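Those letters in the sequence shown? Residues 2 to 413, per my numbering, in order. Each residue gets a CB set at the ideal place from its N, CA and C atoms; glycine is no exception. Note that the structure is predicted; figures quoted are calculated from it, not measured.
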Amino acid sequence: MSAQIDKARIDWNAVRADFPLLTREVNGKPLVYFDSANTGQKPASVIETVDDFYRRHNANVSRAVHTLGSEATDAYEAARTKLAGFVNVHRDELVLCSGTTFAINVVAYSWALPRLKPGDAILLTRMEHHANIVPWQLVAERTGATIKVAEITRDGTLDLDALYKAMTPDVKLLGVTHVSNVLGTINPVREICREARKRGIATVVDGSQALPHRCVDITAIGCDFYAFTGHKMCGPTGTGALWARKEHLAAMPPFLGGGEMIKEVRFDGTVFNDAPHKFEAGTPNIAGHIGLGAAVDYLDALGMANVEAREAELLAHLNEELTRIEGLRIVGTARDKAAVVSFLVEGAHAHDLATLLDLQGVAVRSGHHCAHPLMHFYGVAATCRASLAFYNTHDEIETFAAAIHKVRKLLA
Ligand code: PMP
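Here it is in structure tokens:
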């Protein structure tokens, strides 16, 4: 990172220069990368950390006593400590894994599968990503539990009254996203988890889209499980974590069996390692998580409060530009939003729109965004989605708006 970031007066152009990929051209135009909800770009410090690990320290963790082995183990465990500090939890409650999808599956198979039975219900919200739906359907099929859905209002806000009404005694678990990857809606997860806890309902919060944009204090949220992914928060792909309360980790059987997660193996029985290692079978993504540690250093130096403020400014500008475009409809206009905007343009299919924008160097995602039930709610097959990060600029927003105007003329 541009070493001396002054948190009080950040030079966002200098910050942007930390991201080598953003200097690229695409289709002969300067790249405008508006797909950070899909995956985030990486600062040079993260890329260099991963490179340095493979060049100088590469060895497996927790196995070899030689110097490289201890360097790798120390760096890997230091990354866990940094990550735990970043989200305000104890490091022994943080299971490192390949990301949110894996993390939620750990909860599904190790916590829910042995507990749920016919007559029990799993409560989900309409705005969940498939990663917080499909694992529960698989568990429901095997246990006889049912899935209940808490609805949203037309503007993309979670209907809290309906959600609390749906928290009936049969509900054993609630899955809720912290921030919607389609609508950008920020859910009041602290309040929701408090209400669930009062009723004895365990909570799984999907933090995939929250960590890249906001200060997240998992302890303050008061959930039972919090899952997140590293690649959307400046870290490498295949990284992330599950946070779970200590008592859950102690009671849960391992998800996968193998090396690293044991204390002793005999053919007549195995003694498992303590958490979090009990849930980390096999060789982990060592370089990736060390890279994620560097991403945490980077975000910490920027200050997540500054990131939030910067992105709020960018979002306001983006909304202003988009609402001026005739025939453009924003899907998801909740009051509390992250810088994620789904939209439709009259007369243009979302994929055509994204393809024509790409020709102008603008990268947006089009499709169902792994949220079919939400698409059904709005009666659309797909939307275009512009998702921003702090490294985007006001100029890019203007280029993007001009590109949409151009596409509209082309399709008229
Ligand atoms: N939940 C949400 C809200 C997401 O946006 C994503 C990524 N698109 C996921 C879960 C899944 O994350 P991953 O693919 O990194 O496991």
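Given that a residue counts as buried once 16 or more other Cβ atoms are within 10 Å of its Cβ, and exposed if not, what is residue i?
{"i": "F229", "result": "buried"}
{"i": "I349", "result": "Here the sequence assigns Ala to residue 349, which means Ile is not the residue at that position. By the 10 Å Cβ count, A349 comes out buried."}
{"i": "Q5", "result": "Any answer about Q5 is weak, because its pLDDT of 48 lies below 50 and its placement is not dependable; what the coordinates show is given next. The residue in question, Q5, is exposed, as its Cβ has fewer than 16 Cβ neighbours within 10 Å."}
{"i": "T102", "result": "buried"}
{"i": "Y299", "result": "buried"}
{"i": "H370", "result": "buried"}
{"i": "R25", "result": "exposed"}
{"i": "P136", "result": "buried"}
{"i": "V96", "result": "buried"}
{"i": "F226", "result": "buried"}
{"i": "N199", "result": "What sits at residue 199 in the sequence shown is Lys, not Asn. Exposed: under 16 other Cβ atoms inside 10 Å."}
{"i": "F268", "result": "exposed"}
{"i": "N14", "result": "exposed"}
{"i": "N59", "result": "exposed"}
{"i": "G29", "result": "exposed"}
{"i": "R311", "result": "buried"}
{"i": "A65", "result": "exposed"}
{"i": "T186", "result": "buried"}
{"i": "H318", "result": "buried"}
{"i": "A413", "result": "exposed"}
{"i": "A251", "result": "exposed"}
If I'm right that residue i touches residue j with Cβ under 8 Å, what's the distance once you round it to whole angstroms?
{"i": "H406", "j": "I326", "result": "7 Å"}
{"i": "H179", "j": "G208", "result": "5 Å"}
{"i": "G368", "j": "A351", "result": "7 Å"}
{"i": "F35", "j": "F401", "result": "6 Å"}
{"i": "H214", "j": "V308", "result": "7 Å"}
{"i": "T126", "j": "L159", "result": "6 Å"}
{"i": "G191", "j": "G236", "result": "It is Arg, not Gly, that sits at residue 191 in the sequence shown. About 25 Å; that fails the 8 Å criterion."}
{"i": "I287", "j": "A79", "result": "About 12 Å separates the two Cβ atoms, so there is no contact after all."}
Relative to the C-alpha of residue i, which candidate in the options has its C-alpha closest?
{"i": "P374", "options": "G120, K149, Q361", "result": "K149"}
{"i": "Q42", "options": "E399, A390, M262", "result": "A390"}
{"i": "I105", "options": "V297, V183, A132, A282", "result": "A132"}
{"i": "V381", "options": "A387, V365, L345", "result": "L345"}
{"i": "L22", "options": "T240, R10, S37, R116", "result": "S37"}
{"i": "R155", "options": "R336, H370, D301", "result": "R336"}
{"i": "W142", "options": "A167, A113, I219", "result": "The sequence shown places Glu at residue 142, not Trp. If we check each option's Cα against that of E142, A113 comes out closest."}
{"i": "T240", "options": "H214, L84, D162", "result": "L84"}
{"i": "A203", "options": "E78, D160, L124, L164", "result": "L124"}
{"i": "F54", "options": "H318, A295, R116", "result": "A295"}
{"i": "V27", "options": "L360, A404, L412, K410", "result": "L360"}
{"i": "L174", "options": "I134, L329, V51", "result": "I134"}
{"i": "L257", "options": "R92, V51, E94, C98", "result": "C98"}
{"i": "I153", "options": "A122, Q138, N188, S71", "result": "N188"}
{"i": "A404", "options": "E78, V33, M168", "result": "V33"}
{"i": "G328", "options": "V108, E347, V341, A339", "result": "E347"}
For residue i, which residues from the same chain have a beta carbon less than 8 Å from its beta carbon, with the 5 sequence-adjacent residues on both sides left out?
{"i": "A306", "result": "C216"}
{"i": "R366", "result": "D36, A38, N39, A355, C385, R386, S388"}
{"i": "K166", "result": "none"}
{"i": "E322", "result": "I398, E399, F401, A402"}
{"i": "H232", "result": "T40, G41, G100, T238, G239, T240, G241"}
{"i": "V332", "result": "G157, V183, L184, S343, F344, L345, Y379, V381, T384"}
{"i": "P254", "result": "S111, P115"}
{"i": "N274", "result": "E261, M262, I263, K264"}
In its own chain, which residues sit with a C-beta less than 6 Å from the C-beta of residue i, not counting the 5 before and 5 after it?
{"i": "E399", "result": "none"}
{"i": "A76", "result": "I291"}
{"i": "F87", "result": "V297"}
{"i": "K410", "result": "none"}
{"i": "N456", "result": "Nothing about residue 456 can be reported from this structure: the residues present for the chain run from 2 to 413 only."}
{"i": "L212", "result": "F229, M234"}
{"i": "M419", "result": "Absent from the structure is residue 419, since the part of the chain shown begins at 2 and ends at 413."}
Short of 7 Å in beta carbon distance, which residues of its chain neighbour residue i, apart from the five on each side in sequence? Order them along the chain.
{"i": "G120", "result": "D171"}
{"i": "M2", "result": "Residue confidence is low: M2 scores 43 on pLDDT, short of 50, so the model does not pin down where it sits. No coordinate-derived value is stated."}
{"i": "P31", "result": "G362"}
{"i": "G145", "result": "K118, P119"}
{"i": "V90", "result": "I219, T220, W244"}
{"i": "L357", "result": "V408, L411"}
{"i": "R195", "result": "G223"}
Closest Cβ-Cβ distance between residue i and chain D: below 9 Å?
{"i": "A402", "result": "Among the chains in the structure shown there is no chain D, since it carries only a single protein chain."}
With hydrogens ignored, establish whether the beta-carbon of residue i is closer than 8 Å to any heavy atom of the ligand FMN.
{"i": "C371", "result": "This structure lacks the ligand FMN; the ligands present are the ligand PMP."}
Any alpha helix (DSSP H) of 4 or more consecutive residues that is wholly inside the segment 66-132: Listed in chain order, they are 68-88, 101-107.
Contiguous beta strand (DSSP E) assignments of at least 3 residues, all confined to the segment 259-302: Restricting attention to beta strand (DSSP E) runs no shorter than 3 residues, the segment 259-302 encloses them at 263-267, 270-273, ordered along the chain.
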